[in-house]
Amino acid sequence: MKVTKQILLALVLSMVVALAVQAQERVLNIYHWSDYVAPDTISNFEKQTGIKVIFDVYDSNEVLEAKLLSGRSGYDLVVPSNPFLAKQIKAGVYQKLDRSQLPDWDNLNKDLLRTLEVSDTGNQHSIPYMWGSIGIGYNVDKVKAVLGSQPMDTWDVIFKPENIKKLHECGVAILDSPTEIIPTAMHYLGLPTDSENPEHIKQAEALLLSIRPYVTYFHSSKYISDLASGNICVAVGYSGDIYQSKARAEEGKGKVRVAYNIPQEGAGTFFDMVAIPNDAKNVKEAHEFINYLLQPQVMADLTNYLQFPNANDKATPLVDKEISSDPGVYPPAELMSKLYTFADFSAKTQRLLTRSWTKIKSGK
Ligand code: N2P
Numbered sequence: 016m017k018v019t020k021q022i023l024l025a026l027v028l029s030m031v032v033a034l035a036v037q038a039q040e041r042v043l044n045i046y047h048w049s050d051y052v053a054p055d056t057i058s059n060f061e062k063q064t065g066i067k068v069i070f071d072v073y074d075s076n077e078v079l080e081a082k083l084l085s086g087r088s089g090y091d092l093v094v095p096s097n098p099f100l101a102k103q104i105k106a107g108v109y110q111k112l113d114r115s116q117l118p119d120w121d122n123l124n125k126d127l128l129r130t131l132e133v134s135d136t137g138n139q140h141s142i143p144y145m146w147g148s149i150g151i152g153y154n155v156d157k158v159k160a161v162l163g164s165q166p167m168d169t170w171d172v173i174f175k176p177e178n179i180k181k182l183h184e185c186g187v188a189i190l191d192s193p194t195e196i197i198p199t200a201m202h203y204l205g206l207p208t209d210s211e212n213p214e215h216i217k218q219a220e221a222l223l224l225s226i227r228p229y230v231t232y233f234h235s236s237k238y239i240s241d242l243a244s245g246n247i248c249v250a251v252g253y254s255g256d257i258y259q260s261k262a263r264a265e266e267g268k269g270k271v272r273v274a275y276n277i278p279q280e281g282a283g284t285f286f287d288m289v290a291i292p293n294d295a296k297n298v299k300e301a302h303e304f305i306n307y308l309l310q311p312q313v314m315a316d317l318t319n320y321l322q323f324p325n326a327n328d329k330a331t332p333l334v335d336k337e338i339s340s341d342p343g344v345y346p347p348a349e350l351m352s353k354l355y356t357f358a359d360f361s362a363k364t365q366r367l368l369t370r371s372w373t374k375i376k377s378g379k
């Protein structure tokens with residue numbers, strides 16, 4: 016009898032301790048793009064707040080969307096690109112942000128916020144994280160050896176079979192992203208990039224099929240290291256990711272020289288948006304993280320490391336001059352006017368794009 020009492024007491028005590036620890040430990044589950052934070056972004060937040068961050072990554076909107084629509088994602092914070100955000104808001108995936116928990120909201124650029132209302136009316140569910148373009152990254156020396164004097168600031172490099180055929184010798188990667196690459200092909204053909212006309216999608220598909228034999232692979236993150244190491248010589252990729260590749264190449268003894276161009280015909284831009292799913296468990300912690308992202312120094316550090324522009328006005332003076340004056344990162348007005356955003360396609364068009372993409376990838 017005595018022993019049982021002692022055991023019972025010990026059990027109760029250990030339960031109390033466990034509960035106390037649990038009550039103390041605040042956590043935040045983030046699902047974010049790969050290669051999209053600076054080395055100390057998360058650890059600094061943890062140090063400042065005592066919140067433990069569980070950080071998982073994806074490299075495509077499609078992967079994130081599948082998780083979100085499957086019901087319980089288990090995440091407190093996610094970062095879709097704006098057309099996907101729009102669709103997911105309509106599907107009821109996100110909760111409204113509580114601005115009273117975001118005292119630094121005013122640091123955001125008001126013009127950009129207005130523009131982003133096309134995806135999120137009143138900016139009620141999201142804040143912009145970073146943005147960028149989809150252009151051409153390349154290995155300066157290898158490409159010159161293969162293409163000679165062919166200029167690299169044009170989509171002809173990719174979409175003219177005679178060019179890409181030569182580049183195939185040293186390796187070509189293209190983003191595995193139907194909603195971004197099919198409109199890029201439509202734009203090259205002079206078609207509206209938000210067209211839902213199946214004929215237009217067919218034409219883009221035909222163009223992509225014509226270059227398919229010369230594409231080494233479709234993938235949305237592998238090209239960063241492959242371009243840096245010289246495994247491939249061209250990548251149609253996200254601007255900042257190509258700059259990260261360039262930085263990695265420079266660290267690796269500087270043998271590979273990587274450059275990035277926004278083609279002069281224009282290019283697509285994406286805006287990645289931070290939002291809180293409806294079923295998030297740690298909503299207060301999610302708001303704390305969003306407000307942390309609104310700090311000018313945090314955002315400037317991110318841009319300085321990742322070389323994606325941000326939407327925080329107060330961060331701009333803190334961005335390295337070398338980066339803010341680079342036309343591939345911050346496009347000058349003339350180039351800016353040729354950039355377009357990707358459309359929020361209807362479910363029907365989305366299905367057409369997915370079907371088309373499967374054909375393109377398999378080359379049939
Ligand atoms: C980070 C890529 C983020 C840009 N690796 C794509 N939206």
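For the sequence shown, the numbering used here puts the final residue at 379, and the numbers step up evenly by one.
Using N, Cα and C, we set each Cβ at its ideal position, and we do this for glycine too.
Beta-carbon gap between residue i and residue j smaller than 8 Å
i      : j      : result
Asp171 : Phe233 : no
Asn124 : Ser96  : no
Leu204 : Ala219 : yes
Ile257 : Thr231 : no
Ser361 : Glu195 : no
Thr169 : Gly283 : no
Ser148 : Ser254 : yes
Pro193 : Leu354 : no
Val94  : Asp287 : yes
Gly343 : Asn276 : yes
Ala53  : Tyr320 : yes
Phe60  : Ile66  : yes
Ile151 : Pro324 : no
Ile216 : Ile189 : no
Trp146 : Phe285 : yes
Beta bridge counterpart(s) of residue i as assigned by DSSP
i      : result
Val94  : In DSSP, Val94 forms no bridge with anything.
Tyr232 : Ala188
Thr356 : Thr284
Ile375 : Partner(s): none; Ile375 has no beta bridge.
Val42  : Lys67
Tyr109 : Pro292
Trp120 : According to DSSP, which records beta bridges pairwise, Trp120 is partnered with nothing at all.
His47  : Val72
>> So within the segment 136-195, which uninterrupted alpha helix (DSSP H) runs reach at least 4 residues, ignoring any that extend past its ends?
In response: Entirely contained in the segment 136-195, the alpha helix (DSSP H) runs reaching 4 residues are, in chain order, 155-162, 171-174, 176-182.
> What residue ranges within the segment 249-332 form continuous alpha helix (DSSP H) runs of no fewer than 4 residues, ordered along the chain?
Replying inline: 254-266, 298-308, 311-321
> Of all the beta strand (DSSP E) runs that stay within the bounds of the segment 58-107, which reach a length of 3 or more residues?
Replying inline: 66-73
>> Check whether the segment 114-123 and the segment 81-99 touch, using three or more Cβ-Cβ pairs below 8 Å as the test.
In response: no
> Between the segment 157-166 and the segment 296-310, do at least 3 Cβ pairs fall closer than 8 Å?
Replying inline: no
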